[in-house]
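Undergrad: Quick one: structure below, then a few questions.
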């Protein structure tokens, strides 16, 4: 595991998130993934993190993933951070 990341198990799912996100708690789940809340310790702000289940399992899943990220990019709401961090280990 890359330094700066922590592993946390919630509802039998392993989350690997940047260590800046603390106090992860499950919020909900659906057909395409799970959502948890967390405290962003850098911004001192509560955030929601979505973990997609098998986003590239098939061409259809990949298109849905791309569509969701593309839509988030254009949304503007005080409670939505958009894609401020994609959580990839390459950041």
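In this note's numbering, the protein residues as written are 819 to 909.
Quick reminder that beta carbons are idealized off the backbone N, C-alpha and C, glycines included.
Source: prediction; values computed, not measured.
Okay, do the segment 888–895 and the segment 852–870 touch, 3+ Cβ pairs below 8 Å being the bar?
TA: Per the Cβ contact rule, the segment 888–895 is not in contact with the segment 852–870 (fewer than 3 Cβ pairs under 8 Å).
Undergrad: Tell me where the alpha helix (DSSP H) around residue 834 begins and ends.
TA: Run containing residue 834: none in the alpha helix (DSSP H); it sits in the beta strand (DSSP E), 831–836.
Undergrad: What does the alpha-carbon distance come out to for the pair residue 842 and residue 850?
TA: 19 Å
Undergrad: Applying the 10 Å Cβ sphere with the 16-neighbour rule, what's the burial state of residue 844?
TA: exposed
Undergrad: Within the segment 853–887, note down every full beta strand (DSSP E) run reaching 3 residues or more, in order along the chain.
TA: Runs of the beta strand (DSSP E) inside the segment 853–887: 863–870.
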